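Chains A and B supply the protein sequences, listed in that same order.
When we follow the working numbering, the leftmost residue of the first sequence carries the number 17, and every step to the right adds one.
When we follow the working numbering, the leftmost residue of the second sequence carries the number 29, and every step to the right adds one.
The beta carbon of each residue, even a glycine, is placed where N, CA and C say it ideally should be.
Keep in mind that this is a model prediction, so the values were computed, not measured.
Quick notes on the structure that follows.
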Amino acid sequence: MIILFYLAAAIAIISTVCMVLQNNIVHGLIYLILSLLAVAIVFFLLGAPFAAVLEAIVYAGAIMVLFLFVMMMLNMGQHSVDQERSWMGGRVFIAPAIMSGLLLAQFLNVLRDYEFELVPTEIGVMQVSSLLFGPYVLAVELASILLLAGLVSAYHLAKK
Amino acid sequence: MTFEVGSGLSIGSILFTVIIVAAMLIWVERRLLSLWQERLGPNRVGPFGLLQVVADMIKIFTKEDWVPPFADKLSFVLAPTVIMIVILLSFAVVPFAPGVGVIDSNIGVLFVLAMASLGAYSVMLGGLASDNKYALLGSLRAAAQMVSYEVFMGISLLGVVALAGSFNLREIVLAQEGVWYVIPQFVGFVIFLIAGIAESHRLPFDIPEAEQEIVAGYHTEYSGMKFGMFFVGEYLGLVLISSLITVLFFGGWMGPFLPPIIWFVIKASLFIAFFILLRAAIPRPRYDQLMTFGWLVLLPLSLLNLMVTGAIILSMQ
Chain A
17 MIILFYLAAA IAIISTVCMV LQNNIVHGLI YLILSLLAVA IVFFLLGAPF AAVLEAIVYA
77 GAIMVLFLFV MMMLNMGQHS VDQERSWMGG RVFIAPAIMS GLLLAQFLNV LRDYEFELVP
137 TEIGVMQVSS LLFGPYVLAV ELASILLLAG LVSAYHLAKK
Chain B
29 MTFEVGSGLS IGSILFTVII VAAMLIWVER RLLSLWQERL GPNRVGPFGL LQVVADMIKI
89 FTKEDWVPPF ADKLSFVLAP TVIMIVILLS FAVVPFAPGV GVIDSNIGVL FVLAMASLGA
149 YSVMLGGLAS DNKYALLGSL RAAAQMVSYE VFMGISLLGV VALAGSFNLR EIVLAQEGVW
209 YVIPQFVGFV IFLIAGIAES HRLPFDIPEA EQEIVAGYHT EYSGMKFGMF FVGEYLGLVL
269 ISSLITVLFF GGWMGPFLPP IIWFVIKASL FIAFFILLRA AIPRPRYDQL MTFGWLVLLP
329 LSLLNLMVTG AIILSMQ
C-alpha cells in the first residue's frame with residue numbers, strides 16, 4: 017500500500033514537472049492527464065474511492081478532453097513549439113523556482129510535527145452523498161446555480 | 029488454483045477469452061452481415077472460413093509498422109494502446125457469473141464511466157497526431173460525439189443504480205432476482221443502448237470514420253498492428269457494451285436450467301448479433317442530426333426517466 021502510494025505520488029510530481037517543462041503543448045497535456053490519474057490513485061489509496069473516480073471522470077475525462085478539443089480547433093503545429101522553446105529559457109525559471117522552494121520549505125516545516133497514520137478508513141459513495149445532500153446541500157445548490165449561469169452565458173455567447 | 033473472483037485463473041481466462049472473442053467477432057460480423065445481405069461472406073479459409081481471422085492476423089503482424097514522418101510520434105504510438113487498455117480495464121468490474129470476475133468494486137459503474145471517458149483520448153490523439161485533414165476532421169467529430177453521449181450514458185444508468193441502491197455491478201445483478209431492470213427501466217435501457225453504440229462509434233454512428241466523406245477518419249494514417257489495435261478495440265468495445273447491457277438490464281448470469289456462465293454468454297451474444305444487425309439495417313445519420321438528437325431528445329428523456337424513477341422509489345418507501 018505504502019509503496020503504491022509513494023509510487024503514484026512520485027508519478028504525479030514527475031509528470032507535473034514534465035508538463036511544465038514540455039514545449040509541445042499536446043505532450044504537455046498528456047503529462048497533465050497522467051498526473052491527474054496518479055492523483056486519482058493517491059485518493060483511492062487514502063480511502064476515498066468516490067473522489068478518486070470523480071477525479072478520473074471529471075478532470076481527466078471531461079475537462080482535459082475539452083482542452084484537447086480546443087487545441088485541435090486551433091491546430092498549433094511546429095510554429096507554437098518553436099515559440100514556446102524561445103520563451104522557455106533558463107532565466108524564466110528563476111523566480112518560480114525560488115517561490116516554490118520557499119513553499120516547499122514551509123510545507124516540510126509544517127509536516128515535520130505531524131503524526132502520520134497511513135491506515136485510512138474507506139469513505140464510500142453513500143457516506144459522501146449523505147453529507148453532500150445533508151449538511152452541505154446549500155453548497156451543492158449554489159454550485160449548480162453557478163454551473164447554470166455558466167451554461168446560460170455560453171449559450172448567449174454562442175448565439176452572437 | 030480455484031475459480032473465484034480475483035484469482036489468477038479467473039483473471040487469465042477472462043483476459044484470454046475476451047480478446048479471442050473480440051478477434052473472432054471480425055469473422056462473425058462479416059458472416060452475419062453477408063447472411064442478412066444474401067451473400068456468402070468469407071468462407072474460403074478453413075471450415076466455414078473460421079480461419080479467416082488467423083489469416084488476417086498473419087497479414088497484419090507482418091505488415092510494415094509505419095509511422096508517417098510528419099506525425100507526432102509519442103501521441104501517434106500512444107493512441108491505439110489507449111483504447112485497448114481502457115476497454116480491457118473496464119472488463120475488470122464486469123461480473124460474468126458467480127465467482128467469475130476480476131474485482132468486486134463498490135464503484136463499478138463509475139469505474140466503467142471513467143474508463144469510457146478516457147477512451148475519447150484514443151481517437152482524439154490518433155487524429156491529432158496524424159497531422160492529416162481527414163484524420164483531424166474525424167477526431168473532432170469523435171470528440172464531440174463521445175463527450176456528448178457519455179453524458180446520456182451516465183444519466184441513463186442512474187435509474188438502475190437508484191433501484192439497486194449500489195454502484196457494485198455484482199450487487200446490481202443480484203438485485204434483479206425478481207424482475208430484470210429492462211422492465212422498470214425500459215427508457216434507460218434504450219438510451220444506454222443508443223449511447224453505447226455512439227460511444228463505441230460503430231455503424232450507424234461511425235461518423236468519425238465515415239469512409240464516404242472523410243476517407244477513414246481518425247485512423248487514416250494508421251496501418252499494420254497499430255490499425256489492428258483500433259480495429260480490435262472497436263470489437264472489444266462491442267463486447268463490453270453487450271456485457272454491460274446484460275449485467276445492468278437483463279439480469280446478468282440469471283436464468284433457469286443452464287449454468288450461469290452459459291446464460292451470460294447467450295444474452296451477451298444476442299446483443300452482439302443485434303448490434304451487427306443494426307449495422308446492416310440502418311443508414312448513417314448526418315453529424316448535426318446526431319448531435320441534435322442527443323441533446324434535444326436523449327438528454328431531456330434521460331433526466332425525465334431519472335426523476336420519475338426517483339419519485340416512484342421515494343413514494344414506495
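Beta-carbon proximity list for residue i, same chain, < 7 Å, skipping 5 on both sides
{"i": "residue 285 of chain B", "result": "none"}
{"i": "residue 311 of chain B", "result": "232"}
{"i": "residue 104 of chain A", "result": "39"}
{"i": "residue 141 of chain A", "result": "66"}
{"i": "residue 323 of chain B", "result": "176"}
Where residue i sits in the DSSP three-state scheme
{"i": "residue 332 of chain B", "result": "helix"}
{"i": "residue 33 of chain B", "result": "coil"}
{"i": "residue 110 of chain B", "result": "helix"}
{"i": "residue 128 of chain B", "result": "strand"}
{"i": "residue 99 of chain B", "result": "coil"}
{"i": "residue 274 of chain B", "result": "helix"}
{"i": "residue 213 of chain B", "result": "coil"}
{"i": "residue 72 of chain B", "result": "coil"}
{"i": "residue 79 of chain B", "result": "coil"}
{"i": "residue 135 of chain B", "result": "coil"}
{"i": "residue 195 of chain B", "result": "coil"}
{"i": "residue 228 of chain B", "result": "coil"}
{"i": "residue 62 of chain A", "result": "coil"}
{"i": "residue 125 of chain A", "result": "helix"}
{"i": "residue 17 of chain A", "result": "coil"}
{"i": "residue 310 of chain B", "result": "coil"}
{"i": "residue 149 of chain B", "result": "helix"}
Cβ-based neighbour list, residue i, same chain, cut-off 8 Å, excluding 5 preceding and 5 following
{"i": "residue 189 of chain B", "result": "137, 195, 200"}
{"i": "residue 297 of chain B", "result": "270"}
{"i": "residue 327 of chain B", "result": "179, 180, 183"}
Residue-chain proximity (residue i, chain A), Cβ-Cβ < 9 Å
{"i": "residue 250 of chain B", "result": "no"}
{"i": "residue 102 of chain B", "result": "yes"}
{"i": "residue 175 of chain B", "result": "yes"}
{"i": "residue 186 of chain B", "result": "no"}
{"i": "residue 148 of chain B", "result": "yes"}
{"i": "residue 61 of chain B", "result": "no"}
{"i": "residue 237 of chain B", "result": "no"}
{"i": "residue 190 of chain B", "result": "no"}
{"i": "residue 172 of chain B", "result": "yes"}
{"i": "residue 253 of chain B", "result": "no"}
Contact check, residue i vs residue j, beta carbons under 9 Å
{"i": "residue 333 of chain B", "j": "residue 183 of chain B", "result": "yes"}
{"i": "residue 144 of chain B", "j": "residue 63 of chain A", "result": "no"}
{"i": "residue 21 of chain B", "j": "residue 227 of chain B", "result": "The structure shown does not extend to residue 21 of chain B, since chain B is modelled only from 29 to 345, so the question has no answer here."}
{"i": "residue 148 of chain B", "j": "residue 170 of chain B", "result": "yes"}
{"i": "residue 220 of chain B", "j": "residue 270 of chain B", "result": "no"}
{"i": "residue 32 of chain A", "j": "residue 47 of chain A", "result": "yes"}
{"i": "residue 216 of chain B", "j": "residue 119 of chain B", "result": "no"}
{"i": "residue 336 of chain B", "j": "residue 47 of chain B", "result": "no"}
{"i": "residue 301 of chain B", "j": "residue 65 of chain B", "result": "no"}
Cutoff 9 Å: residue i Cβ touching any chain B Cβ
{"i": "residue 95 of chain A", "result": "no"}
{"i": "residue 21 of chain A", "result": "no"}
{"i": "residue 33 of chain A", "result": "no"}
{"i": "residue 17 of chain A", "result": "no"}
{"i": "residue 85 of chain A", "result": "yes"}
{"i": "residue 55 of chain A", "result": "no"}
Interface flag, residue i vs chain E, CB-CB below 9 Å
{"i": "residue 155 of chain B", "result": "Going by chain labels, chain E is absent from the structure shown, which instead holds the protein chains A and B."}
Residues near residue i in its chain [Cβ-Cβ closer than 6 Å; skip 5 each side]
{"i": "residue 197 of chain B", "result": "121, 123, 136, 275"}
{"i": "residue 245 of chain B", "result": "166, 236, 237"}
Item to check | chain B contacts from the stretch 137-163 of chain A (Cβ-Cβ distance under 8 Å) | outcome: Shown in chain order are the members of the stretch 137-163 of chain A whose Cβ falls below 8 Å from a Cβ of chain B: 140, 141.
Checklist entry - For the stretch 157-170 of chain B, which residues have a CB atom closer than 7 Å to at least one CB atom of chain A, in sequence order? => result 164, 167, 168
Checklist entry - Which residues, in chain order, does the stretch 127-146 of chain B contribute to contact with chain A at a C-beta distance below 9 Å? => result 133, 134, 135, 138, 139, 141, 142, 143, 144, 145, 146
Item to check | Members of the stretch 65-82 of chain A that neighbour chain B once the beta carbon cut-off is set at 7 Å | outcome: Under the 7 Å Cβ criterion, the stretch 65-82 of chain A contributes 65, 66, 69, 72, 73, 76, 77, 78, 81.
Checklist entry - For the stretch 195-212 of chain B, which residues have a beta carbon sitting closer than 7 Å to at least one beta carbon of chain A? => result Of all residues in the stretch 195-212 of chain B, 195 have a Cβ within less than 7 Å of some Cβ in chain A.
Checklist entry - In chain order, what residues of the stretch 104-122 of chain A put their CB closer than 7 Å to some CB of chain B? => result none
Item to check | Near-chain B residues of the stretch 34-52 of chain A - C-beta to any C-beta below 8 Å | outcome: 40, 42, 43, 46, 49
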